[in-house]
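Step one of this worksheet: look at the structure below.
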Amino acid sequence: MTFNKNYLFISLIAIFSFSINFHYANIGVMPNDSFVLYNGGYRVLSGYIPFKDYWLITGPLLDYLNAFFFLTGGISWKSYITHSSLFNLLISLSTYFFFITLKLNKNLSFFYSILFSLLMYPIVGTPFVDHHSTIFMILAYYLLMAGIKKNNNNLFLFIPFLMCLAFLSKQTPATYGLVCLIFIFFIYILLNPNKFINIVKPLIYGSIFSFSFLIIFFYLSGIPFSGFFQQYILFAKTIGGFRISTYDFNFNSVFLQYKFINLLLLILIFILFKLPNKFDKNKKDFFIILSSILLSLLLIFHQILTMNQNYIFFLIPF
Numbered sequence: 001m002t003f004n005k006n007y008l009f010i011s012l013i014a015i016f017s018f019s020i021n022f023h024y025a026n027i028g029v030m031p032n033d034s035f036v037l038y039n040g041g042y043r044v045l046s047g048y049i050p051f052k053d054y055w056l057i058t059g060p061l062l063d064y065l066n067a068f069f070f071l072t073g074g075i076s077w078k079s080y081i082t083h084s085s086l087f088n089l090l091i092s093l094s095t096y097f098f099f100i101t102l103k104l105n106k107n108l109s110f111f112y113s114i115l116f117s118l119l120m121y122p123i124v125g126t127p128f129v130d131h132h133s134t135i136f137m138i139l140a141y142y143l144l145m146a147g148i149k150k151n152n153n154n155l156f157l158f159i160p161f162l163m164c165l166a167f168l169s170k171q172t173p174a175t176y177g178l179v180c181l182i183f184i185f186f187i188y189i190l191l192n193p194n195k196f197i198n199i200v201k202p203l204i205y206g207s208i209f210s211f212s213f214l215i216i217f218f219y220l221s222g223i224p225f226s227g228f229f230q231q232y233i234l235f236a237k238t239i240g241g242f243r244i245s246t247y248d249f250n251f252n253s254v255f256l257q258y259k260f261i262n263l264l265l266l267i268l269i270f271i272l273f274k275l276p277n278k279f280d281k282n283k284k285d286f287f288i289i290l291s292s293i294l295l296s297l298l299l300i301f302h303q304i305l306t307m308n309q310n311y312i313f314f315l316i317p318f
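Take the sequence shown: its letter number 249 is residue 249 in the UniProt record's numbering, and every next letter is one higher.
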């Protein structure tokens with residue numbers, strides 16, 4: 001009975017998460033965003049090379065993924081939104097399995113995953129660099145927390161590669177996520193010195209694989225590193241610097257605008273500060289809550305600076 005129920009939940013989440021995004025992606029478009037990536041996929045399929053044949057300051061990975069879906073499904077709107085719908089399915093199912101890993105009730109895991117799928121990709125519908133980068137980054141954080149929960153450091157092996165994919169989707173929030181991951185691992189190793197080798201080894205192997213993937217990706221795609229560095233790193237950095245220097249950080253823009261998320265964060269922060277009283281018993285919970293808080297804060301910070309439509313309300317059920 002348990003197996004059947006679990007299988008039913010997985011099937012329902014998969015069908016709903018794909019269908020709901022496919023539906024909303026057909027309702028409307030944002031010309032400046034929706035068609036840029038559509039055109040990017042067509043350009044790659046036509047033999048154009050990003051950063052060489054056309055200027056690009058967003059993630060090249062989405063152009064290649066869109067080209068793949070156009071190659072397999074034809075150059076059409078359906079192929080285009082099948083791409084984003086499958087990613088909504090991927091992160092929704094991953095969220096369900098993550099909640100199960102944390103020993104959350106299956107019914108609640110199913111309910112929260114459905115809410116998550118409704119608030120994740122359907123907000124924009126079509127493939128979007130912010131969403132892809134966020135999805136890859138969330139998957140990395142899921143593996144981090146699952147590895148801590150299950151004492152399975154081997155799960156850390158895939159974190160560098162996922163963060164690599166996140167960065168190739170968009171520079172931020174991937175960069176913020178990487179900084180927070182380094183901080184979390186530093187504290188985790190500091191408090192678990194006897195596990196140093198077991199923690200660091202899979203991260204090193206994963207980093208070597210990710211670096212090798214980047215070399216192969218640049219070689220096969222023909223992307224010039226100089227163009228990539230100038231357009232994707234240096235030029236994009238000037239945009240981010242300008243936004244930070246000109247943004248009016250105030251109580252309304254930082255707290256009230258995301259009050260539902262911030263209120264839940266305050267509860268998590270309160271719980272976090274209560275855990276050290278019995279730290280040895282609650283060490284795993286401490287790092288899971290800390291990771292959740294940092295993930296939420298960095299996504300809020302990214303939302304503030306990205307100046308795109310609000311897309312982080314999927315954090316509420318999370």
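By construction, the Cβ of each residue, glycine as well, lies at the ideal position given by its N, Cα and C atoms. Every value quoted in this text rests on a predicted model; they were computed, and no experiment measured them.
Give every residue of the same chain whose Cβ lies closer than 8 Å to the Cβ of residue i, excluding the five residues on either side of it in the sequence, and list them in chain order.
{"i": "F110", "result": "F9, L12, I13, Y96"}
{"i": "G206", "result": "F156, L157, F158, I159, P160, F161"}
Return the chain-ordered list of same chain residues with a C-beta closer than 7 Å to the C-beta of residue i, the five sequence neighbours on each side being excluded.
{"i": "M145", "result": "I288, S291"}
{"i": "H83", "result": "L65, N66, F69, P127"}
{"i": "G147", "result": "N153, L155, F156"}
{"i": "S133", "result": "G59, A166, S169, K170, P173, A174"}
{"i": "I269", "result": "I293"}
{"i": "L71", "result": "L45"}
Mapping the DSSP letters down to three states, classify residue i as helix, strand or coil.
{"i": "P160", "result": "helix"}
{"i": "P50", "result": "strand"}
{"i": "W55", "result": "coil"}
{"i": "K103", "result": "coil"}
{"i": "I75", "result": "coil"}
{"i": "N4", "result": "helix"}
{"i": "P224", "result": "coil"}
{"i": "I114", "result": "helix"}
{"i": "I293", "result": "helix"}
{"i": "I27", "result": "coil"}
{"i": "T306", "result": "helix"}
Identify the continuous alpha helix (DSSP H) that holds residue i and give its terminal residues.
{"i": "F235", "result": "That residue, F235, is in no alpha helix (DSSP H); it is neither H nor E in DSSP."}
{"i": "S210", "result": "196-221"}
{"i": "L139", "result": "129-150"}
{"i": "L155", "result": "First-last for L155: undefined, no H or E at that position."}
{"i": "T175", "result": "171-191"}
{"i": "V36", "result": "31-45"}
Excluding sequence positions up to five away, which residues of its chain have a Cβ less than 6 Å from the Cβ of residue i?
{"i": "residue 321", "result": "In this structure the chain extends from 1 to 318, so residue 321 is not present and cannot be described."}
{"i": "K201", "result": "none"}
{"i": "I199", "result": "N153, I189"}
I want to check one thing, is the minimum distance from the CB of residue i to the heavy atoms of the ligand SAM below 6 Å?
{"i": "I233", "result": "Inclusion of the ligand SAM in the displayed structure is not the case, the ligand content being empty and no account of it being possible."}
How many angstroms separate the CA atom of residue i from the CA atom of residue j?
{"i": "Y38", "j": "K52", "result": "18 Å"}
{"i": "L86", "j": "L61", "result": "16 Å"}
{"i": "H23", "j": "L294", "result": "32 Å"}
{"i": "M1", "j": "L191", "result": "The predicted position of M1 is uncertain, since its pLDDT is 45 and thus under 50; a value taken from the coordinates is nonetheless stated next. Spanning the two alpha carbons is a distance of roughly 41 Å."}
{"i": "N105", "j": "N151", "result": "21 Å"}
{"i": "I49", "j": "I100", "result": "42 Å"}
{"i": "K195", "j": "L102", "result": "22 Å"}
Exercise. Is it true that the region 105-120 meets the region 148-157, where meeting means three or more beta-carbon pairs spaced less than 8 Å apart?
Worked result: Taking 8 Å as the limit for Cβ pairs, the verdict is that the region 148-157 does not touch the region 105-120.
For this session: Say whether the region 175-182 touches the region 210-230, bearing in mind that this needs 3 or more beta-carbon pairs closer than 8 Å, one atom from each stretch.
Result: no
Exercise. Are the region 117-127 and the region 15-30 in contact at 8 Å, needing three or more beta carbon pairs?
Worked result: yes
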